[in-house]
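Numbering (my numbering), first residue to last: 14 to 311.
Structure, rendered in C-alpha cells:
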C-alpha cells in the first residue's frame with residue numbers, strides 16, 4: 014500500500030519543479046523583450062546609422078524599430094516631414110536630406126544661376142534641422158553641364174556656400190558635401206574626387222562645412238581608401254558604406270575590407286557617424302543590415 018505522506022511529498026516536488034520552469038520561462042521572456050527594446054549591444058567605437066532610401070520598401074516606423082533592435086542610433090537622409098517619426102523612437106537623423114523639387118545631386122552649388130534659389134532652400138532646411146536638434150545637412154556640387162570647368166565650378170561652389178555659412182554657423186548646423194562617383198552612378202558629377210572636395214573645404218574655411226566621404230564611391234573613383242582618410246580626416250564629417258562592385262552587401266561578396274577601413278577611421282579620432290548605404294539583394298534585407306553593422310562595429 015502506497016504511503017500517503019510520500020505521495021504528497023512527490024507531488025510537491027513535481028509542482029515545485031513545474032513552477033520553477035514556468036517562472037524561469039517568464040523571466041527569460043521578459044529579459045528577451047527587454048533586450049529587444051534596448052537594442053543590440055555594440056562596441057561603441059563607431060556611431061552607426063542607416064540610409065532610409067536603401068530600405069524604402071519598409072514603412073519608416075518599421076525601419077526605426079529594426080534600427081533600434083540592431084543597435085543603430087540614427088536613420089538618415091530624411092526629409093523634414095519624416096523628422097517626427099525618427100524622434101518618436103529616440104533616434105537621431107545623422108544626415109538630413111537636401112534634395113527638393115528643384116534641387117539635388119545634378120543641380121547644385123557649382124552654377125551661379127542656382128545660388129539664389131539654393132540659398133532660400135537651404136536656409137529653410139537649416140532652420141528645420143536646427144529646430145529638430147540635428148547637426149548635419151547634405152549638399153551637392155551639381156553636374157559639369159555645358160562643359161563647366163572644375164576650377165570655375167569650385168569657385169562658384171565656394172562663393173555660393175559662403176552666403177549661407179554664417180547662417181549655418183549661427184544655427185549650429187554643418188553643411189556636408191557628398192563625394193560621389195561620376196564613372197557609374199552619377200555621370201558628370203563635379204565633386205567626384207577627394208582632392209576637389211578638400212580644396213573646396215580650404216576655400217570656404219569653416220568648421221561648419223565638411224565632406225561626406227562615401228567609401229563606395231571613392232573606391233570606384235580613386236581607391237587607396239585608408240591613405241585618403243588618414244590624409245584628409247579633418248575635412249570629413251560623415252561616412253557611407255557600400256559594396257564594390259554593385260553597391261550591395263559589404264561582406265565577402267565584394268572587394269572592400271571594411272573592418273580595416275573602420276579601424277583607420279577610429280584611429281583618426283572620428284566621433285561622427287558611419288551609415289550603411291548599400292542596396293540589399295537578399296530576401297531578408299534587415300539581416301543584411303544587421304550583418305553590415307556587425308562588420309563595421311570594430
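For each residue, glycine too, the CB sits at the ideal point set by N, CA and C.
If you're wondering where the values come from, they're calculated on a predicted model, not measured in any experiment.
Please return the same chain residues whose Cβ sits closer than 6 Å to the Cβ of residue 305, not counting the five positions on each side in sequence. Position 292 of the chain shown, counted from the start, is the residue given in the question as residue 305. These residues qualify, in order along the chain: 263 and 289.
Residue 126 classed as buried or exposed, judged by whether at least 16 other C-beta atoms fall within 10 angstroms: Taking the chain shown and counting its residues from 1, one reaches residue 126 at position 113. It counts as exposed.
Can you grab the Cα-Cα spacing for the pair residue 129 / residue 176, in whole Å? Within the chain shown, numbered from 1, the residue matching residue 129 stands at position 116. Within the chain shown, numbered from 1, the residue matching residue 176 stands at position 163. Whole-angstrom Cα-Cα distance: 10 Å.
Applying the 10 Å Cβ sphere with the 16-neighbour rule, what's the burial state of residue 227? For the purposes of this step, residue 227 is taken as residue 214 along the chain shown, with counting starting at 1. With 16 or more Cβ atoms within 10 Å of its Cβ, residue 227 is classed as buried.
Can you tell me whether residue 230 is helix, strand or coil according to DSSP? What you label residue 230 is simply residue 217 of the chain shown in a count that begins at 1. Correct three-state label for residue 230: helix.
Are the beta-carbon atoms of residue 349 and residue 111 separated by less than 8 Å? It is not possible to answer for residue 349, since the shown part of the chain is limited to 14 through 311.
Measure from the alpha carbon of residue 203 to the alpha carbon of each residue in 279, 230 and 222, then state which is nearest. Start at 1 with the first residue of the chain shown, and residue 203 comes out as number 190. Of the listed residues, the one whose Cα sits closest to residue 203 is 230.
Whether residue 158 touches residue 201 by CB criterion (8 Å): Here the question's residue 158 lines up with position 145 in the chain shown. Here the question's residue 201 lines up with position 188 in the chain shown. Yes.
Residue 170 to residue 193, Cα distance in whole Å? To locate residue 170, count along the chain shown from 1; it is residue 157. To locate residue 193, count along the chain shown from 1; it is residue 180. Their backbone Cα atoms lie some 16 Å apart in a straight line.
In terms of residues, what are the limits of the beta strand (DSSP E) holding residue 203? The residue you call residue 203 lines up with position 190 of the chain shown. First-last for residue 203: undefined, no H or E at that position.
Just the Cα atoms here: how many angstroms apart are residue 119 and residue 163? Here residue 119 corresponds to residue number 106 of the chain shown, with the count starting at 1. Here residue 163 corresponds to residue number 150 of the chain shown, with the count starting at 1. Using only the alpha carbons, I get a separation of about 15 Å.
So, at 6 Å on beta carbons, what are the nonlocal neighbours of residue 68 in its own chain, with the 5 sequence-adjacent residues on each side left out? Within the chain shown, numbered from 1, the residue matching residue 68 stands at position 55. The residues are 76.
Can you tell which of 160, 208, 242 and 209 has the C-alpha that lies nearest to the C-alpha of residue 276? One-based indexing of the chain shown puts residue 276 at position 263. It is 242 whose Cα lies nearest to the Cα of residue 276.
Can you list the beta strand (DSSP E) stretches of 3 or more residues lying completely in the stretch 269–300, in chain order? 286–289
Tell me the rounded alpha-carbon separation between residue 207 and residue 70. Within the chain shown, numbered from 1, the residue matching residue 207 stands at position 194. Within the chain shown, numbered from 1, the residue matching residue 70 stands at position 57. Taking the straight line joining both Cα atoms gives about 32 Å.
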